[in-house]
Amino acid sequence: MASAPAPGVVVVFDFDRTIIDWDSDDWVITKLGAADAFLRLRPTMRWNPLMDRMMAELHARGKTAEDIRDCLMSAPLDAHVISSIKTAAALGCDLRVVSDANTFFIETVLAHHGVLGCFSEISTNPARVDADGRLRISPFHDTAAAPHGCSLCPENMCKGKIIEKIQSMADTKNQHFIYIGDGKGDYCPSLKLSEGDYVMPKENYPLWKLICNNKQLLKAEVHPWNSGEDLEKTLLKLVNKMITPPAQVSSLDCSKCEMSKPASTEVGHHQALRVPH
Ligand SMILES: [Mg+2]
Ligand SMILES: [Zn+2]
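Just add 35 to wherever you are in the sequence shown, counting from 1, and you've got the working numbering.
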């Protein structure tokens, strides 16, 4: 897949309202008819244990894990987002998902649209189907034994801690991040990014608003987007910029030049990067 390596470009995607234009928890609960239970329990429970509880509600109402899978597969995924994932992976970027959804929902959607293999790691709340056939959702962090201690984030997951871990595993100083997200939970990881990194907040959503409130707090460059098409255009423009710095173009071999030929216009870049699928 990685025919033109782009060592050091790490693209981190949030999932809900970023890769998908909807919220997977909301989709499953609403489509499978448990919105009443959700509204009743929401004031009394934190989100992560509530989702585990909602899976119990669905199970009690005769909905199987297969029903949940079918429900997730019936939801749309923007063709531009699929194409941006495939192209970034083909260019050798290290693609990751960091999400407060769960492994079952995310893997189902990404596999259904043929892009699961594009990602090197999915950091999210673990999910499994138990002996009774009920989907169980657990917190990403062991909240009792090892609380993450970040005041910005929900207790089950600090995305900033995940970014710090990826940063600490880097074997090169040339590694740079592109972080794409929309929600409040994406603010903490955005603050962890360094100079030379990029954050792509979804316009008019909580992450974008938090960033706009105090732009000086961020070291990363901010590039908002507002649709799947805009996400693709913005992401591939940034990837192209990162993998073909002008000073290094002459040292690339022919196959790499073929993939990332600098073009004179943004539209040219975009077309040069597109991979048929
Ligand atoms: Mg989100
Ligand atoms: Zn945090």
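In this text, a Cβ means the ideal position worked out from N, Cα and C, and glycines have one as well. Since this is a predicted model, take the numbers as computed values, not measurements.
Notebook entry, point to check: Cβ atoms of residue 277 and residue 258: under 8 Å apart, would you say?
Noted result: Within the sequence shown, the letter at position 223 stands for residue 258. Within the sequence shown, the letter at position 242 stands for residue 277. No, Cβ-Cβ distance for residue 258 and residue 277 is not below 8 Å.
Margin query: Taking 7 Å as the limit between beta carbons, can you name the residues of its chain near residue 269, skipping five residues before and five after?
Written below: As a position in the sequence shown, residue 269 is number 234, starting the count at 1. Within the same chain, residue 269 has close Cβ partners 235, 258, 260.
Check: residue 51 by DSSP, collapsed to three states: which one?
Finding: Residue mapping note: residue 51 aligns to position 16 of the sequence shown, counting from 1. In this structure, residue 51 counts as helix in the three-state DSSP scheme.
Next item on the list: Taking only heavy atoms of ligand 1 into account, decide whether any of them is closer than 7 Å to the Cβ of residue 131.
Entry: Here residue 131 corresponds to residue number 96 of the sequence shown, with the count starting at 1. Because no heavy atom of ligand 1 lies under 7 Å away, the Cβ of residue 131 does not count as near it: no.
Next item on the list: For the beta strand (DSSP E) containing residue 211, list its first residue and its last residue.
Entry: Taking the first residue of the sequence shown as position 1, residue 211 is located at position 176. Taken as a continuous stretch (DSSP letters only), the beta strand (DSSP E) holding residue 211 covers 211 to 216.
Checklist line | Anticipated Cβ contact below 8 Å, residue 241 with residue 83, distance rounded | finding: Against the sequence shown, residue 241 aligns to sequence position 206. Against the sequence shown, residue 83 aligns to sequence position 48. Not quite, the Cβ-Cβ distance comes to about 18 Å (not below 8 Å), so this is no contact.
Item checked: Start and end residues, alpha helix (DSSP H) containing residue 248 -> Mapped onto the sequence shown, residue 248 falls at position 213. Note, residue 248: alpha helix (DSSP H), 241 to 248.
Margin query: Mapping the DSSP letters down to three states, classify residue 177 as helix, strand or coil.
Written below: Numbered from 1 along the sequence shown, position 142 holds the residue referred to as residue 177. In the structure shown, residue 177 sits in coil (DSSP, three-state: anything other than H, G, I, E or B).
Check: Expressed to the nearest angstrom, what Euclidean distance is found between the alpha-carbon atoms of residue 114 and residue 266?
Finding: Looking up residue 114 in the sequence shown gives position 79. Looking up residue 266 in the sequence shown gives position 231. Whole-angstrom Cα-Cα distance: 11 Å.
Notebook entry, point to check: Whose beta carbon lies closer than 6 Å to any heavy atom of ligand 1, going through the chain in order?
Noted result: Applying a distance threshold of 6 Å between residue Cβ atoms and the heavy atoms of ligand 1 selects 49, 51, 52, 53, 216, 217, 218, given in chain order.
Checklist line | Integer Cβ distance of residue 233 from residue 224, believed to fall under 8 Å | finding: As a first step, residue 233 is located in the sequence shown; it is residue number 198 there, counting from the start. As a first step, residue 224 is located in the sequence shown; it is residue number 189 there, counting from the start. The pair is not a contact, with the Cβ atoms about 13 Å apart (cut-off 8 Å).
Next item on the list: Would you mind stating whether residue 183 and residue 200 have Cβ atoms separated by less than 8 Å?
Entry: The residue labelled residue 183 in the question sits at position 148 within the sequence shown. The residue labelled residue 200 in the question sits at position 165 within the sequence shown. In this structure, residue 183 keeps its C-beta atom at 8 Å or more from the C-beta atom of residue 200.
Next item on the list: For residue 238, collect the residues of the same chain with a Cβ closer than 7 Å to its Cβ; drop the 5 residues on either side in sequence, then sort them by chain order.
Entry: Within the sequence shown, residue 238 is the residue found at index 203, counting from 1. Excluding positions up to five away in sequence, the list reads 259, 260, 261.
Margin query: If you follow the alpha helix (DSSP H) that residue 75 is in, where does it begin and where does it stop?
Written below: On the sequence shown, position 40 is the one that residue 75 refers to. Going by DSSP, residue 75 is part of the alpha helix (DSSP H) stretching over 70 to 76.
Checklist line | Whole-Å CB distance - residue 50 paired with residue 64, under 8 Å assumed | finding: By 1-based counting over the sequence shown, the position of residue 50 is 15. By 1-based counting over the sequence shown, the position of residue 64 is 29. Cβ atoms of residue 50 and residue 64 stay farther apart than 8 Å, at about 16 Å.
Notebook entry, point to check: Assuming residue 87 and residue 198 make a contact with CB atoms under 8 Å, what is their CB distance in whole Å?
Noted result: Here residue 87 refers to the residue found at position 52 of the sequence shown. Here residue 198 refers to the residue found at position 163 of the sequence shown. The Cβ separation is near 25 Å, so there is no contact.
Next item on the list: Please report how far the alpha carbon of residue 164 lies from the alpha carbon of residue 90, in whole angstroms.
Entry: The residue given as residue 164 occupies position 129 in the sequence shown. The residue given as residue 90 occupies position 55 in the sequence shown. In a straight line, the C-alpha of residue 164 is about 10 Å away from that of residue 90.
Margin query: Checking the sheet assignment: what are the DSSP bridge partners for residue 221?
Written below: In the sequence shown, counting from the first residue as 1, residue 221 sits at position 186. Residue 221 is not bridged to any residue.
Check: In chain order, what residues of the same chain have a beta carbon less than 7 Å from the beta carbon of residue 80, not counting five sequence neighbours either side?
Finding: The sequence position of residue 80 within the sequence shown is 45, counting from 1. Answer for residue 80: 88, listed in chain order.
Next item on the list: Give me the Cβ distance between residue 187 and residue 222, rounded to the nearest whole Å; I'm assuming they're in contact under 8 Å.
Entry: As a position in the sequence shown, residue 187 is number 152, starting the count at 1. As a position in the sequence shown, residue 222 is number 187, starting the count at 1. For a cut-off of 8 Å, the C-beta gap from residue 187 to residue 222 is around 6 Å, short enough to register as a contact.
Notebook entry, point to check: Smallest Cα separation from residue 209: which of 141, 76, 230?
Noted result: Stepping through the sequence shown from its first residue, residue 209 is reached at position 174. Minimum Cα distance to residue 209 is reached at 230.
Note to self: Quick check on the burial criterion: 16 or more other C-beta atoms within 10 angstroms. Buried or exposed for residue 193?
What the structure shows: Along the sequence shown, read from residue 1 onward, the residue named residue 193 stands at position 158. When all chains shown are included, residue 193 counts as buried.
Check: Using DSSP with H/G/I as helix, E/B as strand and the rest coil, what is residue 43?
Finding: Here residue 43 corresponds to residue number 8 of the sequence shown, with the count starting at 1. In this structure, residue 43 counts as coil in the three-state DSSP scheme.
Note to self: From the DSSP secondary-structure annotation, give me the bridge partner or partners of residue 236.
What the structure shows: Sequence index remark: in the sequence shown, residue 236 carries index 201 (1-based). Note: residue 236 is bridge-paired with 216 in the DSSP secondary-structure output.
Next item on the list: State yes or no: is the C-beta of residue 271 within less than 8 Å of the C-beta of residue 119?
Entry: What you label residue 271 is simply residue 236 of the sequence shown in a count that begins at 1. What you label residue 119 is simply residue 84 of the sequence shown in a count that begins at 1. In contact: residue 271 and residue 119 (Cβ atoms closer than 8 Å).
Note to self: On the DSSP letters alone, give me the boundaries of the beta strand (DSSP E) that residue 160 sits inside.
What the structure shows: Here residue 160 is taken as the residue at index 125 of the sequence shown, counted from 1. Judged by DSSP secondary structure, residue 160 falls within the beta strand (DSSP E) whose first and last residues are 154 to 160.
Check: So which of 170, 147, 243 has the shortest CA-CA distance to residue 111?
Finding: By 1-based counting over the sequence shown, the position of residue 111 is 76. Residue 111 has its Cα closest to that of 147, out of 170, 147, 243.
Notebook entry, point to check: So which of 143, 150, 228, 54 has the shortest CA-CA distance to residue 44?
Noted result: For the purposes of this step, residue 44 is taken as residue 9 along the sequence shown, with counting starting at 1. Of the candidates 143, 150, 228, 54, 228 places its Cα closest to the Cα of residue 44.
Next item on the list: Within the same chain, show all residues whose beta-carbon is closer than 8 Å to that of residue 254, passing over the 5 residues directly before and after it, in chain order.
Entry: For the purposes of this step, residue 254 is taken as residue 219 along the sequence shown, with counting starting at 1. Listed in chain order, the non-local C-beta contacts of residue 254 below 8 Å within the same chain comprise 228, 229, 230, 232, local neighbours out to five positions each way being set aside.
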